[in-house]
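Novice: Quick note, the sequences are listed as chains L and U, same order.
Using our numbering, the letters of the first sequence correspond one by one to residues 1 to 277.
Using our numbering, the letters of the second sequence correspond one by one to residues 1 to 335.
Each residue gets a CB set at the ideal place from its N, CA and C atoms; glycine is no exception.
Just so you know, these numbers come straight off a predicted model, no measurement behind them.
Below you will find the structure I want to go over with you.
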Amino acid sequence: MRTFKLRTGQALFALAVLVLLIYTIFPFYIAIATSFGAGSGDGSLYLPESFDFGNYVSVFKEQPFFHNILNSALVSFATVAISLLIAVTASYALARVHFRGRTTLLLTVLGVSMFPQVAVLSGMFELIRMLGLYNNLGSLVLSYTVFSLPFSVWILTTFMRGIPKDLEEAAIVDGATPWQIITRIFMPVLWPAMVTTGLLAFIGAWNEFMFAITFILSNDNRTVPVAISMISGGSQYEMPWGPIMAASVVVTVPLIALVLIFQRKIVEGLTAGAVKG
Amino acid sequence: MDITSTTAQGATSDAGKRSPGPARQGARAQLSGLSRQRIRTAWLFLLPMIAGLGFVAGWPLARTIYLGFTDATLSSIDSYAFIGFENYLVYDNGEWYGLLADGLWWKSVWNTLYITVLSVSIETVLGVLVALILHAKFPGRGLLRAAILIPWAIPTVVSAKMWGWMLHDQFGVINDLLLKLHLISEPIAWTVDPSTVLGTIIAVDVWKTTPFMALLTLAALQMLPKDCYEAARVDGIHPVKVFFKVTLPLIKPALVVAVVFRMLDALRIFDLVYILTSNSEDTIVMSVYARQALIDFQQIGYGSAASTLLFLLVFGLTLAYIFATRLKLDGSGDH
């Protein structure tokens with residue numbers, strides 16, 4: 001009786017796991033199947049008849065999609081680099097130095113991460129035109145950096161607090177400057193946290209849509225999310241789903257690769273601020 | 001000086017946790033001597049962040065709030081007049097005008113709140129369930145944990161397109177599956193039909209954001225002490241009872257943080273609605289309304305007023321949360 005109960009329990013659990021797996025993966029599977037020709041004409045919705053790369057070819061041929069990918073990569077890497085540089089120095093000060101107004105500052109930083117993007121849209125639009133960055137990728141680097149700063153600072157501050165004080169005290173006694181302390185002592189210990197932060201900033205910049213569709217005007221300067229949203233057919237009722245899915249697969253595969261490789265790091269980053277804060 | 005005294009206090013309490021030996025005290029004296037210079041350096045290190053946030057977030061926000069009181073348009077963004085609260089509410093010739101008198105605005109507010117409450121509630125329940133599954137030991141757990149990150153990592157634009165295709169009234173797999181299972185008798189235009197469209201948005205949002213909830217909950221589960229579970233198991237208490245009496249109260253703080261994060265995120269929902277149902281009035285949310293006014297109708301003043309109200313809503317909720325939990329951010333308590 002007991003083993004029977006155990007077996008049914010296990011079977012139910014396995015079923016739950018299976019349902020969960022299908023729930024998370026199935027939509028992406030359909031995207032892949034469609035990109036290779038499933039669902040077009042009379043064929044099956046679920047399985048392409050052959051590996052037809054036609055949709056992929058048409059995406060790269062009919063619009064500057066390669067260019068769009070380069071734009072996205074450029075903007076994302078620049079965002080990661082700049083926000084990491086600013087966040088590491090700031091979080092050192094926030095985590096390691098006791099000064100007045102530290103809590104207020106941390107709260108403000110946290111507050112900025114709660115900003116609805118649309119709340120700064122008109123002000124940002126004005127600023128970007130003033131700086132001459134309209135329709136320029138610089139506008140995106142600028143806005144993404146600021147929107148990735150709060151959580152970067154937050155995560156790095158949390159991690160830096162965990163580093164033993166003794167290391168730093170010894171260095172201070174030896175006369176090391178704060179910059180030396182950051183680069184020589186903290187960086188080697190901190191790089192896993194920096195990978196985490198960088199990944200989150202990269203994914204955020206790669207996926208962003210509202211600023212990208214507002215600040216960029218020409219096809220050649222667009223990033224991939226906007227490029228995908230703009231793929232359209234002759235009319236509203238003839239959406240070219242094959243090419244759209246092909247483009248979606250192309251931009252999502254690098255992200256999924258990152259997620260699979262750095263799974264642990266990403267989870268650490270997502271949970272660092274929330275659980276410990 | 002106040003600053004040094006706070007620092008000294010911090011140093012004392014920190015040192016007090018360890019054993020305050022004579023050597024440690026010597027080092028501390030040296031530290032206090034350097035602390036003023038240290039604080040100056042700290043501010044120097046903070047400068048790029050403060051400048052960046054101030055210049056690219058604080059300033060635009062202030063401008064948005066100000067522009068909300070003007071009649072600026074996209075074509076005349078450099079010359080505009082201050083018009084007070086007219087964008088919000090104005091009485092003219094026996095009629096009320098402005099944001100607060102616009103039915104569509106209130107519809108967008110209602111839709112936003114509806115989506116937020118339902119989406120966050122569903123994904124909290126689902127997220128806890130998923131976290132409990134991931135917390136158990138079974139072969140392939142790592143794989144499942146990686147798989148669950150996929151919806152989170154996919155760009156919202158892509159997931160909106162993907163679901164838009166799956167929910168297509170003629171060729172979508174959702175209708176196909178439901179027809180084959182005889183759950184519906186004819187295809188449904190999920191993203192067009194006013195009676196299904198909000199539910200559809202919530203369903204897609206839940207799919208995309210449950211991983212976040214699950215992973216935060218999982219992290220909380222993994223930090224729970226194991227001994228009380230041992231005790232409960234020995235006493236033969238039913239696992240469901242253990243969950244509600246032990247696990248849930250213990251993970252509640254982390255769950256509250258996750259719920260608040262997600263609520264603030266859901267209130268500014270834009271990409272999904274914009275892509276999945278474009279300009280449909282049935283699904284208009286606050287961000288879409290504001291952006292439409294700003295860019296599509298080029299009414300910078302009016303759109304800024306709408307943006308400001310959304311900001312105030314989010315800001316108010318954040319403040320309420322911070323005060324309600326008296327969030328400890330100083331770090332003096334957690335290490």
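How about Q180 (chain L): is its C-beta nearer than 8 Å to some C-beta of chain U?
Specialist: Position 180 of the first sequence, counted from the start, is the residue given in the question as residue 180 (chain L). It does not: the Cβ of Q180 (chain L) has no partner Cβ on chain U nearer than 8 Å.
Novice: Closer than 8 Å, CB to CB, is S75 (chain U) near chain L or not?
Specialist: Here the question's residue 75 (chain U) lines up with position 75 in the second sequence. Chain L, which has no Cβ nearer than 8 Å to the Cβ of S75 (chain U), makes this no.
Novice: Apart from the five residues on each side of it in sequence, which residues of its chain come closer than 6 Å, Cβ to Cβ, to E123 (chain U)?
Specialist: Here the question's residue 123 (chain U) lines up with position 123 in the second sequence. The residues are V206, T209, T210, M213.
Novice: Just mark S75 (chain U) as buried or exposed, buried being the case when its beta carbon has 16 or more other beta carbons within 10 Å.
Specialist: Working through the second sequence from its first residue, we reach residue 75 (chain U) at position 75. Exposed, because fewer than 16 other Cβ atoms sit within 10 Å of the Cβ of S75 (chain U).
Novice: From G21 (chain U) to I172 (chain L), what does the alpha carbon distance come to, in whole angstroms?
Specialist: As a position in the second sequence, residue 21 (chain U) is number 21, starting the count at 1. As a position in the first sequence, residue 172 (chain L) is number 172, starting the count at 1. Reliability fails at G21 (chain U), whose pLDDT of 49 lies under 50, so the model's placement of it is uncertain and no value is given.
Novice: Can you give me the Cβ contacts of G98 (chain U) inside the same chain, cut-off strictly under 7 Å, excluding the 5 residues immediately before and after it?
Specialist: Reading the second sequence from its first residue, position 98 is the one you call residue 98 (chain U). The answer, listed in chain order, is E86, N87, Y88, L89, V90.
Novice: What does DSSP give as the partner residues of F82 (chain U) in its beta bridges?
Specialist: In the second sequence, the residue the question calls residue 82 (chain U) occupies position 82. Looking at the DSSP assignment, F82 (chain U) forms a beta bridge with U:T70.
Novice: Of all the options U:W165, U:G84, U:F270, U:L294, which has the alpha carbon lying nearest to the alpha carbon of T156 (chain U)?
Specialist: Reading the second sequence from its first residue, position 156 is the one you call residue 156 (chain U). When only C-alpha atoms are compared, the closest one is U:F270.
Novice: State buried or exposed for E268 (chain L), treating a residue as buried only when at least 16 other CB atoms are found within 10 Å of its CB.
Specialist: In the first sequence, counting from the first residue as 1, residue 268 (chain L) sits at position 268. That one is buried.
Novice: Output yes if chain U places a C-beta closer than 8 Å to the C-beta of I244 (chain L); else output no.
Specialist: Here residue 244 (chain L) corresponds to residue number 244 of the first sequence, with the count starting at 1. At least one chain U Cβ lies under 8 Å of I244 (chain L).
Novice: With 8 Å as the limit, tell me which residues of the segment 189-210 of chain L have their beta carbon closer than that to any beta carbon of chain U; keep them in chain order.
Specialist: Of all residues in the segment 189-210 of chain L, I203, W206, N207, F209, M210 have a Cβ within less than 8 Å of some Cβ in chain U.
Novice: Does the CB of P48 (chain L) have a neighbour CB from chain U at under 8 Å?
Specialist: By one-based count along the first sequence, residue 48 (chain L) stands at place 48. P48 (chain L) does not count as touching chain U.
Novice: Got a sec, what are the start and stop residues for the alpha helix (DSSP H) Y274 (chain U) sits in?
Specialist: Here residue 274 (chain U) is taken as the residue at index 274 of the second sequence, counted from 1. First-last of the alpha helix (DSSP H) with Y274 (chain U): 271-277.
Novice: Quick one: Cα of F65 (chain L) to Cα of L309 (chain U), how far?
Specialist: Taking the first sequence and counting its residues from 1, the one referred to as residue 65 (chain L) is at position 65. Taking the second sequence and counting its residues from 1, the one referred to as residue 309 (chain U) is at position 309. The alpha-carbon atoms of F65 (chain L) and L309 (chain U) are separated by roughly 37 Å.
Novice: With distances taken Cα to Cα, identify the nearest neighbour of Y80 (chain U) among U:G301, U:T318, U:L317, U:I322.
Specialist: Locating residue 80 (chain U) in the second sequence gives position 80, counting from the first residue. The candidate whose alpha carbon is nearest that of Y80 (chain U) is U:G301.
Novice: Quick one: using the 10 Å Cβ neighbour count with 16 as the cut-off for buried, is K161 (chain U) buried or exposed?
Specialist: As a working mapping, residue 161 (chain U) is identified with position 161 in the second sequence. With 16 or more other Cβ atoms within 10 Å, it is buried.
Novice: Closer than 6 Å by C-beta to L317 (chain U): which residues in its own chain qualify, once you throw out the five before and the five after it? Chain order, please.
Specialist: Sequence index remark: in the second sequence, residue 317 (chain U) carries index 317 (1-based). None.
Novice: For the beta strand (DSSP E) that E95 (chain U) lies in, which residues bound it at each end?
Specialist: Stepping through the second sequence from its first residue, residue 95 (chain U) is reached at position 95. Unbroken beta strand (DSSP E) run through E95 (chain U): 95-97.
Novice: What did DSSP end up calling D205 (chain U) once you bin it into helix, strand or coil?
Specialist: Residue mapping note: residue 205 (chain U) aligns to position 205 of the second sequence, counting from 1. Helix at D205 (chain U).
Novice: When the cut-off is 8 Å and only beta carbons count, does E126 (chain L) lie next to chain U?
Specialist: Stepping through the first sequence from its first residue, residue 126 (chain L) is reached at position 126. Closer than 8 Å: yes.
Novice: A201 (chain L): which of L:L255, L:M130, L:V59, L:I244 sits nearest, CA to CA?
Specialist: For the purposes of this step, residue 201 (chain L) is identified with residue 201 of the first sequence, where counting begins at 1. The shortest C-alpha separation from A201 (chain L) is found at L:L255.
Novice: From the DSSP secondary-structure annotation, give me the bridge partner or partners of S91 (chain U).
Specialist: Counting from one through the second sequence, the residue named residue 91 (chain U) turns up at place 91. A small fix is needed here, since residue 91 (chain U) is Tyr in this sequence, not Ser. Answer is U:W96.
Novice: If you draw a straight line from the C-alpha of M114 (chain L) to the C-alpha of V117 (chain U), how long is it?
Specialist: Stepping through the first sequence from its first residue, residue 114 (chain L) is reached at position 114. Stepping through the second sequence from its first residue, residue 117 (chain U) is reached at position 117. Roughly 17 Å separates the two Cα atoms.
Novice: Quick one: grab the DSSP three-state call for G16 (chain U).
Specialist: Position 16 of the second sequence, counting from 1, holds the residue named residue 16 (chain U). Low per-residue confidence applies at G16 (chain U): pLDDT is 39, beneath 50, and the placement is therefore not dependable, though the value from the model is reported in the following sentence. Here G16 (chain U) sits in helix by DSSP.
Novice: If you count every other CB in all the chains shown that lies within 10 Å of the CB of Y29 (chain L), and 16 or more means buried, which is it?
Specialist: Reading the first sequence from its first residue, position 29 is the one you call residue 29 (chain L). Its Cβ having fewer than 16 others within 10 Å, Y29 (chain L) is exposed.
Novice: Would you verify that the beta carbon of P155 (chain U) is, or is not, closer than 8 Å to some beta carbon of chain L?
Specialist: On the second sequence, position 155 is the one that residue 155 (chain U) refers to. Answer yes: the Cβ-Cβ gap between P155 (chain U) and chain L drops below 8 Å somewhere.
Novice: Establish whether the CB of G37 (chain L) and some CB of chain U are separated by less than 8 Å.
Specialist: The sequence position of residue 37 (chain L) within the first sequence is 37, counting from 1. It does not; no Cβ of chain U falls within 8 Å.
Novice: With distances taken Cα to Cα, identify the nearest neighbour of L53 (chain U) among L:F77, L:L142, L:L20, L:A212.
Specialist: Here the question's residue 53 (chain U) lines up with position 53 in the second sequence. Minimum Cα distance to L53 (chain U) is reached at L:L142.
Novice: Output needed for Y92 (chain L): all residues of its chain with C-beta closer than 6 Å, excluding positions within five of it in sequence on either side, in chain order.
Specialist: Translated into positions along the first sequence, residue 92 (chain L) becomes position 92. Counting only Cβ-Cβ distances below 6 Å, and skipping sequence neighbours, we find I182.
Novice: May I ask you to report which of helix, strand or coil DSSP gives L85 (chain L)?
Specialist: Translated into positions along the first sequence, residue 85 (chain L) becomes position 85. Three-state result, L85 (chain L): helix.
Novice: Within 10 angstroms of the Cβ of A38 (chain L), are there 16 or more other Cβ atoms? Answer buried if so, exposed if not.
Specialist: In the first sequence, the residue the question calls residue 38 (chain L) occupies position 38. So A38 (chain L) counts as buried.
Novice: Is the CB of L70 (chain L) under 8 Å away from at least one CB in chain U?
Specialist: Start at 1 with the first residue of the first sequence, and residue 70 (chain L) comes out as number 70. By this cut-off, L70 (chain L) is not an interface position.
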